[in-house]
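Shown next, in C-alpha cells, is the structure this report addresses.
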Amino acid sequence: MNQISKNNIQNTDNYNKKFQDLPNIIFIKYITLINDYLKHCLDNIFIQNQTYYIYIIKKGITTINNVFKLLLMYTKNLEITYTNCQKSYVYYIEFIGQIGEDNNSFLQLNSKDATLFVYKKTIFDINNDVRKDYISDNLSNQLLGEVDSLIEIYNTILYKLINQNSIINIIKIINTDLQNVMQKLIKIYLEKNTSNGDIISNKIQAILIFSINFKQNNLIDYLDIFIKKLKKKNIVNIQLLKQYLLQDELYHNISPVKYINNIINQI
Numbered sequence: 013m014n015q016i017s018k019n020n021i022q023n024t025d026n027y028n029k030k031f032q033d034l035p036n037i038i039f040i041k042y043i044t045l046i047n048d049y050l051k052h053c054l055d056n057i058f059i060q061n062q063t064y065y066i067y068i069i070k071k072g073i074t075t076i077n078n079v080f081k082l083l084l085m086y087t088k089n090l091e092i093t094y095t096n097c098q099k100s101y102v103y104y105i106e107f108i109g110q111i112g113e114d115n116n117s118f119l120q121l122n123s124k125d126a127t128l129f130v131y132k133k134t135i136f137d138i139n140n141d142v143r144k145d146y147i148s149d150n151l152s153n154q155l156l157g158e159v160d161s162l163i164e165i166y167n168t169i170l171y172k173l174i175n176q177n178s179i180i181n182i183i184k185i186i187n188t189d190l191q192n193v194m195q196k197l198i199k200i201y202l203e204k205n206t207s208n209g210d211i212i213s214n215k216i217q218a219i220l221i222f223s224i225n226f227k228q229n230n231l232i233d234y235l236d237i238f239i240k241k242l243k244k245k246n247i248v249n250i251q252l253l254k255q256y257l258l259q260d261e262l263y264h265n266i267s268p269v270k271y272i273n274n275i276i277n278q279i
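Structure, rendered in C-alpha cells:
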C-alpha cells in the first residue's frame, strides 16, 4: 500500500474490525495532537484582538476533537485518525490565516466556515459503505466512552488555561505541570486493571467534576493535590463534591492542601 492509500480515509483497508490500542494510548496520542496544534497556532495565527484569538484557538480544538472522535469510531485505526487530524489543524489554520487581521467582526462566522472546510476534508470522506453498515458493540462503546472521559478532562483544563494565559505560556504549562497531572490521571485510570472498575470510573468522574467546577485560576495546582488524595478514596459522592466546589468562600485563607483535605473529608 503506497503512502497516499495508507492515509486515505476512503480506503476500506484502513478500517479495522477491532481497536488495537488501549484508551490510555489513544488519550496520549490526542494530547500530542493538541499540543502540536497549539504550537502551529503560535507560529501561524496572528490576531491582535485577544478575545477573537482565544475564540479561534478554542474553536480549533473543538473541531479537531470532533474529527478525532468520529474518525476513531469508524476506522478503529489510531494512526489514520492521528494523521488526518494533523491535516485537519493545518487546513483550519490555513483557512483562518486567509481572513486577515482587519476582519475581526467576521471571525466567528469564518471560523465556522473553517470548521466546515475541515469536516469536508476529513469526516465527510469516511467510507460510505462503512458508515452505512456501522454497528456499535459493547467493547467499542466502553473504550470510546473511557477515551471521551479522559479527553473531556484534558479539554476542560485546556480551555481554562487558554482563557488565562498566552499561547506561549500554555505550551510551557502543557509540557510541565499539565503533563504531570495527566500522568497521574492515567495512573488512576490504569488502576482499573487491578481494582474495581466502578470505583475507578467514579474517580475519573470526580476529576472531571473538579476540573469543571473549580473556579480559581490555579486549577492545575489544586487538581494535582486532589488527584493524589483521591487515590486513597473509594467511592466519591459526586453531588457533595459539586456542592463543595460551588462554595467560593471555602477557598479563602487556607492553603491548597488544607482546602483539598476538607473536600476529601466531606465527600
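According to our numbering, the sequence shown is numbered sequentially starting from 13. All C-beta atoms, glycine included, are put in the ideal place defined by N, C-alpha and C.
- prompt: What residue ranges within the region 125-172 form continuous alpha helix (DSSP H) runs of no fewer than 4 residues, ordered along the chain?
  reply: 140-145
field: Given L151 as reference, the closest of Y263, P268, N23, K30 once Cα atoms are compared
entry: K30
- prompt: Do K241 and I272 have their CB atoms nearer than 9 Å?
  reply: yes
Cβ-based burial, S123 [other Cβ within 10 Å; buried from 16]: buried
Q72, buried or exposed, once every other Cβ within 10 Å from all chains shown has been counted against 16: Rather than Gln, the amino acid found at residue 72 in this sequence is Gly. Flag for G72 reads buried.
task: Mind checking which residues open and close the alpha helix (DSSP H) that includes K70?
output: 62-87
field: beta strand (DSSP E) runs wholly inside the region 187-226, at least 3 long, in chain order
entry: none
- prompt: What are the boundary residues of the alpha helix (DSSP H) that N96 is part of?
  reply: 90-109
query: By Cβ distance below 7 Å, which residues in the same chain neighbour D189 in space, the five residues on each side in sequence not counted?
result: I232
field: Element boundaries [alpha helix (DSSP H), containing T24]
entry: No alpha helix (DSSP H) contains T24, which DSSP labels as neither H nor E.
query: Mapping DSSP to helix, strand and coil, what is L231?
result: helix
query: My guess is that I275 and L253 are in contact by the Cβ rule of under 8 Å, so how many angstroms apart are they, rounded?
result: 7 Å
message: If you reduce the DSSP assignment to three classes, tell me which class Q259 lands in.
response: coil
task: Could you tell me which of Q62, S148, G109, L156 sits nearest to F80, measuring between CA atoms?
output: L156
8 Å contact criterion, which T24 and N139 should meet: CB distance rounded: 6 Å
query: With DSSP run on the structure shown, which of helix, strand or coil describes H264?
result: coil
query: Using the C-alpha atoms, what's the distance from L162 back to N205?
result: 16 Å
Sequence-distant residues of its chain with Cβ nearer than 7 Å to Q217 (five each side left out): I250
query: Looking at the structure shown, is F39 part of a helix, part of a strand, or coil, going by DSSP?
result: helix
message: For Y101 and L170, I'd like the C-alpha separation in whole angstroms.
response: 17 Å
query: In whole angstroms, what separates the C-alpha of H264 from that of Q228?
result: 11 Å
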